[in-house]
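Q: Protein chains in written order, with this note's numbering: chain A, 1 to 273; chain B, 1001 to 1273; chain C, 2001 to 2273. C-beta atoms are modelled at their ideal positions from N, C-alpha and C, and glycine is treated no differently.
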Amino acid sequence: MFKECFDNVREKSPLVHNITNYVTVNDVANIILAAGASPIMSDEPEDVEDITSICGGLNINIGTLHKSSIEGMLRAGKKSNELGHVVLLDPVGAGASKLRTETAEKIVNEIRLDVIRGNISEIKTIANGIGTTHGVDADVNDKVTDENLDEAVSFVKNLADRMGCIIAITGAIDLVADKDKCYVIRNGRKEMSSITGTGCQLSGLMTAFLIANPNAKLEAAAAAVCAMGVAGEIGWSYMKEHEGNSTYRNRIIDAIFNMDGDMLERYAKYEIK
Amino acid sequence: MFKECFDNVREKSPLVHNITNYVTVNDVANIILAAGASPIMSDEPEDVEDITSICGGLNINIGTLHKSSIEGMLRAGKKSNELGHVVLLDPVGAGASKLRTETAEKIVNEIRLDVIRGNISEIKTIANGIGTTHGVDADVNDKVTDENLDEAVSFVKNLADRMGCIIAITGAIDLVADKDKCYVIRNGRKEMSSITGTGCQLSGLMTAFLIANPNAKLEAAAAAVCAMGVAGEIGWSYMKEHEGNSTYRNRIIDAIFNMDGDMLERYAKYEIK
Amino acid sequence: MFKECFDNVREKSPLVHNITNYVTVNDVANIILAAGASPIMSDEPEDVEDITSICGGLNINIGTLHKSSIEGMLRAGKKSNELGHVVLLDPVGAGASKLRTETAEKIVNEIRLDVIRGNISEIKTIANGIGTTHGVDADVNDKVTDENLDEAVSFVKNLADRMGCIIAITGAIDLVADKDKCYVIRNGRKEMSSITGTGCQLSGLMTAFLIANPNAKLEAAAAAVCAMGVAGEIGWSYMKEHEGNSTYRNRIIDAIFNMDGDMLERYAKYEIK
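1. Give a yes or no on whether the C-beta atoms belonging to P1250 of chain B and S2237 of chain C are separated by under 8 angstroms.
2. The alpha helix (DSSP H) spanning D2150 of chain C covers which residue range?
3. Is it the case that the Cβ atoms of E170 of chain A and V86 of chain A are separated by a distance below 8 angstroms?
4. Taking 8 angstroms as the CB-CB limit, is I185 of chain A close to chain B?
5. Classify G2199 of chain C as buried or exposed, calling it buried when 16 or more other Cβ atoms lie within 10 Å of its own Cβ.
6. Pair every Cβ in the segment 2095–2111 of chain C with every Cβ in the segment 2070–2086 of chain C, then say whether three or more of these pairs are closer than 8 angstroms.
7. Just checking: is the beta-carbon of L1065 of chain B within a distance shorter than 8 angstroms of some beta-carbon in chain A?
8. Rank C:I2107, C:T2064, C:V2092 by C-alpha distance to the C-alpha of A2076 of chain C and give the top, closest one.
9. Taking contact to mean at least 3 C-beta pairs separated by less than 8 angstroms, is the segment 2044–2059 of chain C in contact with the segment 2012–2021 of chain C?
10. Could you tell me the distance, in whole angstroms, from the CA atom of Y1022 of chain B to the CA atom of D178 of chain A?
11. Check distances from the C-beta atoms of the segment 1093–1123 of chain B to those of chain A and list, in chain order, the residues that come in under 8 angstroms.
12. With which residues is E219 of chain A paired in a DSSP beta bridge?
13. Less than 8 angstroms separating the beta-carbons of G2095 of chain C and E2122 of chain C?
14. Under a CB-based cut-off of 8 angstroms, is T1196 of chain B close to chain A?
15. Per DSSP, P2016 of chain C is paired with what?
16. State the CB to CB distance for the pair A2216 of chain C and C2005 of chain C, rounded to an integer number of angstroms; the pair is presumed to be in contact (CB under 8 angstroms).
17. Using C-beta distances below 6 angstroms, list every residue in its chain close to L159 of chain A, excluding the 5 sequence neighbours before and after it, in chain order.
18. Would you kindly check if the distance between the Cβ of D1260 of chain B and the Cβ of K2098 of chain C is under 8 angstroms?
19. Give a yes or no on whether the minimum CB-CB distance between V1023 of chain B and chain A is below 8 angstroms.
20. Quick one: using the 10 Å Cβ neighbour count with 16 as the cut-off for buried, is I2272 of chain C buried or exposed?
21. By the 10 Å Cβ neighbour count, where 16 or more other Cβ atoms means buried, how is M2001 of chain C classified, buried or exposed?
22. Say whether chain A places a C-beta atom closer than 8 angstroms to the C-beta of K2273 of chain C.
23. In or out: R162 of chain A buried (at least 16 other Cβ within 10 Å) or exposed?
24. Using a Cβ-Cβ cutoff of less than 6 angstroms, which residues in the same chain neighbour K1157 of chain B once the five nearest sequence positions on both sides are dropped?
25. Measure the CB-CB distance between L205 of chain A and I31 of chain A and report whether it falls below 8 angstroms.
26. Taking buried to mean at least 16 other C-beta atoms within 10 Å of its own C-beta, is K1124 of chain B buried or exposed?
27. Tell me, please, which residues DSSP counts as bridged to C1182 of chain B.
28. Does any C-beta atom of chain C lie closer than 8 angstroms to the C-beta of F1002 of chain B?
29. Listed from N- to C-terminal order along the chain, which residues in the segment 1057–1088 of chain B have their beta-carbon within a distance smaller than 8 angstroms of any beta-carbon of chain C?
30. Below 8 angstroms on the Cβ atoms is my guess for D1047 of chain B versus S1069 of chain B; work out the distance and round it to an integer in Å.
31. In the DSSP assignment, find the beta strand (DSSP E) that holds E2191 of chain C and state where it starts and stops.
32. Tell me, to the nearest whole angstrom, how far the beta carbon of I173 of chain A is from that of A104 of chain A; I am working on the premise that it is less than 8 angstroms.
33. Ignoring anything shorter than 3 residues or poking outside the segment 2042–2107 of chain C, list the beta strand (DSSP E) runs there in chain order.
34. Locate the beta strand (DSSP E) running through I169 of chain A, then write down its first and last residues.
35. Could you check where the alpha helix (DSSP H) with I31 of chain A kicks off and where it finishes?
36. Tell me which same chain residues have a C-beta within less than 8 angstroms of the C-beta of E147 of chain A, skipping the five on either side of it?
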């Protein structure tokens, strides 16, 4: 199944509209290209409706907000909804500031989303209307572990039900769920968190997977999470002793570039709960 | 001739003002530095006239437009014209949205340009006032091939004549022409299109070449295209099996860093039509 | 001493608020992560006060100004002052345009700064209200050399006294001084200037060092300069013949990733004047 999800990305080469932060935007573009899809970036309110219309889906990332880009997100989201396109929200830093929390909530309320993907802290902020966020990284107290796994799975399924969309919580253990089914994924490496934007990259990649697999969105979202994690493992295997996070960033994108459906299938480590 | 064009860049170290998109801006800066020139970025309308005044030329790239940056492009362009500076336009995504098409047209109408550089789809949009653009990549039906080469050469020469500037169409076969003379260039590799921003990088690099060679602009523009293509070939020759587009990006810029006029002369593959 | 400065960064993992330019922002984020700290970027006036409140300090870099980001800088700076946070100013291109010079002056006048870090040209602009700046690189006539060292040390100490903050002038020889004491640092390599943003990266890194060492700010600032220079030396030692500035950028950040206090102590080259 994951094999087909990835193969569909390479075959269909979907065009992904990204409204994303200026910190990690280049890596988001390159990882989408690495997977065989095409990125386009546009956040100006007067440009976004035209751009989203020629794309297959929309990736909204609130990592660096501007007043005009917030308007761009809403206009693009509404247009995407009109056209029946996939929309993903990456609520970066929700909980860390009023503007981020309120923008995430506004998007959740006004746009029909297919997936919300974030760390546990951001997702809890959306779930609770409250939350603690240490910058843009997950609050340590909230981590999904083997000890709290069943509880976390229930939480994410319930939230998916309440929100009416797929919820993807990424961290040491990743959870990707709709109301009935939760993928518990154990790919990836802890060193990935020392690179800026692996989460943003995953959101871009996941949007490409969703567009290319319209009839299997949950599987597509889970496949994208596995692909990113497998790339983290493969990329790490080529690291030399003197190399660090900057080179690791390149090696992860390179690993997606060289990955196909068969490799993803072989290395994906997950269970369904 | 190409040798001198490149050597002049290293000797004169021109300062290039870039108003460019936030996706690929870092790579644009690094490739300009790699060639021995200096980049400066500024798009705020109140800043651009001062900045462009201390530079030798202006690179305008419309890859991610904002209302204020559009105003910045126009003010910088007019100031550059006043000062007799080189101005290059990279109409990224012209044809993909009304705002991009109209902005490209506005710049073409209000600013005296030395070069317009884009893919065939973007250039046709400018030529026709109409056009089809699949995102920011060239529409496949429009590709320059050996079969339609003579027709394409006529088209680009005519357009150069009509526009009163050099036209550079890049793709598998690159065409760089004024009304009388067209360089047909066959350097580069298809894998370059799996990196975001190789076109943007070329526009920055080309602006440096134009500034450093004020009396041989057509040759300078063609030399820059060859340099980028040769860098793509050299960069690829160092790629290891597990490496992909992210590392390839670095290797291409690295190849410019290590290139000199002699190497460019030796590896340039072109004919004049 | 430098050893403890770096070890404190890794132990305390400070959160650094960066309002920085869109050219080099990704590298700034990655070098902060490489040192064991955490970056967060936000320049929207309505977002910055909340964000800076959860951080330990603020890095203001004026490399690409927008009207709204200038307001963001001032609001974040004032909030940081209120909270007693560290604030660093990197006056990129001060002297190159009226807007940059005036913005740097406004920040200097309205915000209590802990450190101003720039090249000699930018620092002289701030010192004199006048100055010559060739783009964002230092004016060659102003370079700190062994010949003018004593004079330069006096200048920087006097300026630190007048400004009431630490002044860091970076170049072939780096000077980091308060009114009484000047670190003269000779780490680094000339090739670092062929990478865009090594100065911006240093400012981000230095802010992390300052936050982690509140009782030894001068030493922390000097330690950050040495760390960057040592990383430049280590990074260069791994360069292969065909590699250039783009790979060198990665290798420098990688070297910070692999550096600890002991290595910094061992390789730091400085005298105190």
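A: According to the structure data:
1. Residue mapping note: residue 1250 of chain B aligns to position 250 of the second sequence, counting from 1. Residue mapping note: residue 2237 of chain C aligns to position 237 of the third sequence, counting from 1. For clarity, residue 1250 of chain B is Asn in the given sequence; the question names Pro instead. The answer is no: Cβ separation not under 8 angstroms.
2. The residue labelled residue 2150 of chain C in the question sits at position 150 within the third sequence. Run containing D2150 of chain C: 2149–2163, per the alpha helix (DSSP H) assignment.
3. The count along the first sequence starts at 1 and reaches residue 170 of chain A at position 170. The count along the first sequence starts at 1 and reaches residue 86 of chain A at position 86. At residue 170 of chain A the sequence reads Thr, which differs from the Glu that was named. Going by C-beta atoms, T170 of chain A is not nearer than 8 angstroms to V86 of chain A.
4. Here residue 185 of chain A refers to the residue found at position 185 when the first sequence is read from its first residue. The C-beta of I185 of chain A comes no closer than 8 angstroms to any C-beta of chain B.
5. Translated into the one-based positions of the third sequence, residue 2199 of chain C becomes position 199. Classification of G2199 of chain C: buried, given that the 10 Å Cβ count is 16 or more.
6. Yes: the two stretches touch, three or more of their Cβ pairs being nearer than 8 angstroms.
7. To locate residue 1065 of chain B, count along the second sequence from 1; it is residue 65. Chain A, which has a Cβ nearer than 8 angstroms to the Cβ of L1065 of chain B, makes this yes.
8. Here residue 2076 of chain C refers to the residue found at position 76 of the third sequence. For A2076 of chain C, the nearest C-alpha among the options comes from C:I2107.
9. Counting Cβ pairs under 8 angstroms, three or more are found: they touch.
10. Counting from 1 along the second sequence, the entry for residue 1022 of chain B is found at position 22. Counting from 1 along the first sequence, the entry for residue 178 of chain A is found at position 178. Distance between the alpha carbons of Y1022 of chain B and D178 of chain A is about 35 angstroms.
11. The segment 1093–1123 of chain B vs chain A, Cβ under 8 angstroms: G1093, A1096, S1097, K1098, L1099, R1100.
12. Indexing the first sequence from 1 puts residue 219 of chain A at position 219. DSSP output for E219 of chain A lists no bridge partner at all.
13. Indexing the third sequence from 1 puts residue 2095 of chain C at position 95. Indexing the third sequence from 1 puts residue 2122 of chain C at position 122. The answer is yes: Cβ separation under 8 angstroms.
14. Mapped onto the second sequence, residue 1196 of chain B falls at position 196. Taking a beta-carbon distance threshold of 8 angstroms, T1196 of chain B counts as an interface residue toward chain A.
15. Taking the first residue of the third sequence as position 1, residue 2016 of chain C is located at position 16. At residue 2016 of chain C the sequence reads Val, which differs from the Pro that was named. V2016 of chain C pairs with C:P2039, C:G2057.
16. By 1-based counting over the third sequence, the position of residue 2216 of chain C is 216. By 1-based counting over the third sequence, the position of residue 2005 of chain C is 5. Right, the Cβ-Cβ distance comes to about 7 angstroms (below 8 angstroms), so this counts as a contact.
17. Position 159 of the first sequence, counted from the first residue, corresponds to residue 159 of chain A. Same-chain partners within the cutoff: A127, I167.
18. Within the third sequence, the letter at position 98 stands for residue 2098 of chain C. Within the second sequence, the letter at position 260 stands for residue 1260 of chain B. Contact annotation: K2098 of chain C and D1260 of chain B have beta-carbon atoms that are not nearer than 8 angstroms.
19. Here residue 1023 of chain B refers to the residue found at position 23 when the second sequence is read from its first residue. So yes, V1023 of chain B belongs to the interface.
20. Taking the first residue of the third sequence as position 1, residue 2272 of chain C is located at position 272. Counting Cβ neighbours within 10 Å, I2272 of chain C comes out exposed, since fewer than 16 surround it.
21. Residue numbering aside, residue 2001 of chain C sits at position 1 when the third sequence is read from its first letter. It is exposed - the Cβ of M2001 of chain C has fewer than 16 other Cβ atoms within 10 Å.
22. Sequence index remark: in the third sequence, residue 2273 of chain C carries index 273 (1-based). No - not a single Cβ of chain A is within 8 angstroms of the one on K2273 of chain C.
23. On the first sequence, residue 162 of chain A is found 162 positions in, with the first residue counted as 1. Of the residues assessed, R162 of chain A falls on the exposed side of the cut-off, its CB having fewer than 16 other CB atoms within 10 angstroms.
24. Translated into the one-based positions of the second sequence, residue 1157 of chain B becomes position 157. Excluding sequence neighbours, K1157 of chain B sits near A1177, K1179, C1182.
25. The residue you call residue 205 of chain A lines up with position 205 of the first sequence. The residue you call residue 31 of chain A lines up with position 31 of the first sequence. Yes, Cβ-Cβ distance for L205 of chain A and I31 of chain A is below 8 angstroms.
26. In the second sequence, the residue the question calls residue 1124 of chain B occupies position 124. Per the 10 Å Cβ criterion, buried.
27. Against the second sequence, residue 1182 of chain B aligns to sequence position 182. Its beta-bridge partners are B:A1177.
28. Along the second sequence, read from residue 1 onward, the residue named residue 1002 of chain B stands at position 2. By this cut-off, F1002 of chain B is not an interface position.
29. If you check each beta-carbon in the segment 1057–1088 of chain B against every beta-carbon of chain C, the ones closer than 8 angstroms belong to S1068.
30. Position 47 of the second sequence holds residue 1047 of chain B. Position 69 of the second sequence holds residue 1069 of chain B. Not really, about 11 angstroms apart at Cβ, beyond 8 angstroms.
31. Position 191 of the third sequence, counting from 1, holds the residue named residue 2191 of chain C. Membership of E2191 of chain C in any beta strand (DSSP E) is not indicated, and neither H nor E is assigned to it by DSSP.
32. As a working mapping, residue 173 of chain A is identified with position 173 in the first sequence. As a working mapping, residue 104 of chain A is identified with position 104 in the first sequence. Taking C-beta atoms under 8 angstroms as the contact rule, I173 of chain A and A104 of chain A fail to qualify, at a distance of about 23 angstroms.
33. 2057–2061, 2086–2090, all fully within the segment 2042–2107 of chain C.
34. On the first sequence, position 169 is the one that residue 169 of chain A refers to. Counting along the chain, the beta strand (DSSP E) containing I169 of chain A begins and ends at 166–169.
35. Looking up residue 31 of chain A in the first sequence gives position 31. Element bounds for I31 of chain A: 25–34.
36. Here residue 147 of chain A refers to the residue found at position 147 of the first sequence. Same-chain partners within the cutoff: there are none.
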